[in-house]
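Trainee: What follows is a structure written as structure tokens; I'll ask about it next.
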Amino acid sequence: MSTSEPVRDFVFGISIFNAEGVCCYGTNTDIDEFEPVELSGAGEVIFDIDSLDLVEGTYKLDVAAHTRNGLQYDYHRLLHTFRVKSHTKDAGIYRPRHRWSFSSGIRLAPHPMK
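Under this note's numbering, think of the first position of the sequence shown as 484, with each following residue one higher.
Okay, structure coming up:
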């Protein structure tokens, strides 16, 4: 990200869409309650996700820089594609961290391939 003049009204955002165009997740610095102070010269924005937790599939990424009112400075609409691979064959979009527990009358064994 770079600007030739200082900018005081700016928001950075990302959105993840699945192959069907469903928005799986989206956020920006305004939603996350960052107050813009100044953007001047060149800089880099890093958005770090600890655990993506998406099921296997192809996804597209939106990346945006805009004013707080939505005027676009730069917008990469569905330009970046990535693929999630998994040995687990879940359904849906999202694989939340989870665990199973069973009462004493129910017995299950781990799958022999694991």
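Here a beta-carbon is modelled for each residue, glycine too, at the ideal position from N, C-alpha and C.
#1: Can you give me the Cβ contacts of residue 461 inside the same chain, cut-off strictly under 7 Å, excluding the 5 residues immediately before and after it?
#2: Flag this pair as touching only if the region 557-568 and the region 516-528 have three or more C-beta atom pairs under 8 Å; answer yes or no.
#3: Is it buried or exposed, residue 499, if we count other Cβ atoms within 10 angstroms and call 16 or more buried?
#4: Are residue 538 and residue 589 closer than 8 Å when you measure CB to CB?
#5: Using DSSP with H/G/I as helix, E/B as strand and the rest coil, what is residue 499?
#6: Using the Cα positions of residue 485 and residue 571, report the straight-line distance between them to the nearest angstrom.
#7: Given a threshold of 16 other Cβ atoms within 10 Å of its Cβ, counted over all protein chains shown, does residue 496 qualify as buried or as exposed?
Mentor: Walking through what the data contain:
#1: Outside the shown range of the chain, which is 484 to 597, sits residue 461, and nothing can be said about it.
#2: As far as the Cβ criterion goes, the region 557-568 does not touch the region 516-528, which means the pair count is below three.
#3: A residue is called buried when at least 16 other Cβ atoms come within 10 angstroms of its Cβ; residue 499 meets this threshold and is buried.
#4: No.
#5: Looking at residue 499 - three-state DSSP - the assignment turns out to be strand.
#6: Their Cα atoms are separated by approximately 41 Å.
#7: Looking at its Cβ environment, which holds 16 or more other Cβ atoms inside 10 Å, residue 496 is buried.
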